[in-house]
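*Asks:* Take 43 as the starting number for the sequence shown in my numbering and just add one per residue.
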Amino acid sequence: MRRDDIRNIAIIAHVDHGKTTLVDALLKQSGQFRESELSETCILDSNELERERGITILSKNISMEYKGVKINIIDTPGHSDFGGEVERVLRMA
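1) Could you give the distance in angstroms between the alpha-carbon of GLU129 and the alpha-carbon of GLY120?
2) Whole angstroms is fine: what's the gap from ARG93's alpha carbon to ILE104's?
3) For a test of the three-state rule: what should DSSP assign to ARG76, helix, strand or coil?
4) Would you report the Cα separation of ASN50 and THR62, rounded to the nearest angstrom?
5) For ASN89, collect the residues of the same chain with a Cβ closer than 8 Å to its Cβ; drop the 5 residues on either side in sequence, then sort them by chain order.
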């Protein structure tokens with residue numbers, strides 16, 4: 043049975059092509075966070091090493107609602123050193 047009220051999205055692209063920036067913009071538009079919570083960029087990159095290096099190392103997921111549709115999003119790493127993490131996510135999605 044197909045459900046029209048749920049969408050699953052995995053964002054996959056090469057390093058520095060705006061995956062995390064896209065997720066940040068979607069989160070800001072969703073209205074799920076207060077303005078004070080959105081003052082920083084890379085909202086999902088919470089790992090200390092990720093923040094230090096400015097890259098996504100571990101895949102993160104988040105859900106949001108948009109016009110009555112639940113959207114599940116997975117933000118993946120873009121660097122080839124973390125290709126195993128991307129493959130793991132693709133098996134889940």
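For every residue, glycine included, the Cβ atom is placed at its ideal position computed from N, Cα and C.
Predicted model, so just to flag it, every value in this text is computed and none were measured.
*Replies:* The short version:
1) 12 Å
2) Rounded to the nearest angstrom, the gap between the Cα atoms of ARG93 and ILE104 is 18 Å.
3) Coil at ARG76, not helix or strand.
4) A direct Cα-Cα distance of roughly 16 Å separates ASN50 from THR62.
5) ILE99 and LEU100
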